[in-house]
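Residue numbers (the numbering used here), protein chains in the order written: chain A, 308 to 420; chain B, 374 to 488.
Step one of this worksheet: look at the structure below.
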Amino acid sequence: DVKVTQSSRYLVKRTGEKVFLECVQDMDHENMFWYRQDPGLGLRLIYFSYDVKMKEKGDIPEGYSVSREKKERFSLILESASTNQTSMYLCASSLYTNTGELFFGEGSRLTVL
Amino acid sequence: GDSVTQMEGPVTLSEEAFLTINCTYTATGYPSLFWYVQYPGEGLQLLLKATKADDKGSNKGFEATYRKETTSFHLEKGSVQVSDSAVYFCALSDNSGAGSYQLTFGKGTKLSVIP
Numbered sequence: 308d309v310k311v312t313q314s315s316r317y318l319v320k321r322t323g324e325k326v327f328l329e330c331v332q333d334m335d336h337e338n339m340f341w342y343r344q345d346p347g348l349g350l351r352l353i354y355f356s357y358d359v360k361m362k363e364k365g366d367i368p369e370g371y372s373v374s375r376e377k378k379e380r381f382s383l384i385l386e387s388a389s390t391n392q393t394s395m396y397l398c399a400s401s402l403y404t405n406t407g408e409l410f411f412g413e414g415s416r417l418t419v420l
Numbered sequence: 374g375d376s377v378t379q380m381e382g383p384v385t386l387s388e389e390a391f392l393t394i395n396c397t398y399t400a401t402g403y404p405s406l407f408w409y410v411q412y413p414g415e416g417l418q419l420l421l422k423a424t425k426a427d428d429k430g431s432n433k434g435f436e437a438t439y440r441k442e443t444t445s446f447h448l449e450k451g452s453v454q455v456s457d458s459a460v461y462f463c464a465l466s467d468n469s470g471a472g473s474y475q476l477t478f479g480k481g482t483k484l485s486v487i488p
């Protein structure tokens, strides 16, 4: 079975803290994505990566950065967490570029106090 | 830009009722269309897809037909079960080349099925 694993299901952080969300996929997929999911807003793309060390901004990159040092791992970084970054964060991967078939992790629910 | 509009929820149905969740889209080219489902406490998973006009995607008793003339991709199921309770997302993939890495999602429709 294909698997996308997000390291933390639930996190609570304080305003101003640096936060790392880790995502690992075991499918040798080229493409990886970070979304945030908020009630009434659906899924919004933060960043994506189509190759190691490559990254592209999505629709809402402000306040976030990413790292992809290895093909299987894609990290989302909040340099200085703020309360408006309280959300569910979903990582996904795909083998091909424009087929739309994404495999998602279970999500990381981040609360920033 | 591309966009997806789906009916707002929540939708509450009794077991064995007929389900329709409406989805319409706006896209510049000829997108591929998808329905994803998110069960409680889980990530999204692909439910079905259609890649060209008049294609019908189906899976687990769910169906959706790609209607280019009405720019729609409505999700249907003839008889829902309690286990179908989830959030359903309509999505499109722009196949025009530009932005083709990305999926555009609707806001999601929460379905609750009561016994």
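Every residue gets a Cβ at the ideal spot worked out from N, C-alpha and C, and that includes glycine.
In this structure, B:Ala459 keeps its C-beta atom at 8 Å or more from the C-beta atom of B:His447. Fewer than three Cβ pairs drawn from the segment 318-330 of chain A and the segment 452-467 of chain B lie within less than 8 Å of each other, which leaves the two stretches out of contact. For B:Asn432, the enclosing beta strand (DSSP E) stretches over residues 429-432. For A:Gly349, the uninterrupted beta strand (DSSP E) run begins and ends at 349-356, by DSSP.
Looking at the DSSP output, A:Met361 bridges to nothing.
Taking a C-beta distance under 8 Å as the contact criterion, B:Ser445 and B:Cys396 qualify as a contact pair.
In the three-state reduction of the DSSP assignment, B:Thr477 falls in the strand class. By the Cβ-count criterion, A:Ser400 is buried, with 16 or more other Cβ atoms from all chains shown falling within 10 Å of its own Cβ. Within the segment 318-352 of chain A, Asn338, Phe340, Tyr342, Gln344, Pro346, Gly347, Leu348, Gly349, Leu350, Arg351, Leu352 place their CB atoms closer than 9 Å to a CB of chain B, listed in sequence order. Annotation for A:Tyr396: the continuous beta strand (DSSP E) segment containing it runs 394-401. For the segment 449-469 of chain B, the set of residues with a beta-carbon nearer than 8 Å to any beta-carbon of chain A comprises Phe462, Ala464, Leu465, Ser466, Asp467, Asn468, in chain order. Under the 8 Å Cβ criterion, the segment 389-404 of chain B does not count as touching the segment 343-358 of chain A, having fewer than three qualifying pairs.
Cβ-Cβ distances below 7 Å link B:Pro488 to Glu388, Val455 in the same chain, with the five nearest sequence neighbours on each side left out; the list follows chain order. Think of a sphere of 8 Å around the beta carbon of A:Leu397: the chain B residues whose beta carbon falls inside it are Gly416, Leu417, in chain order. At a beta-carbon threshold of 7 Å, the residues of chain A lying near B:Phe478 are Gly349, Leu350, ordered along the chain.
Counting every other CB atom within 10 Å of its CB across the protein chains shown gives B:Gly481 a total of 16 or more, marking it as buried.
Judged by DSSP secondary structure, A:Phe340 falls within the beta strand (DSSP E) whose first and last residues are 338-345. The beta-bridge partner set that DSSP reports for B:Ala437 consists of B:Gly430, B:Leu448. Between the segment 355-370 of chain A and the segment 406-423 of chain B there are fewer than three inter-stretch CB-CB distances shorter than 8 Å, so the stretches are not counted as touching. Contact annotation: in the segment 415-446 of chain B, residues whose CB is within less than 8 Å of a CB in chain A are Glu415, Gly416, Leu417, Gln418, Leu419, Lys422. Selection A:Ile384, A:Arg375, A:Pro368 evaluated against A:Met361 yields A:Arg375 as nearest (Cα-Cα). Shortest Cα-Cα distance from A:Leu417 to any of A:Gln332, A:Leu409, A:Leu397, A:Gly407 involves A:Leu397. B:Ala390 and B:Tyr412 have their C-alpha atoms roughly 19 Å apart.
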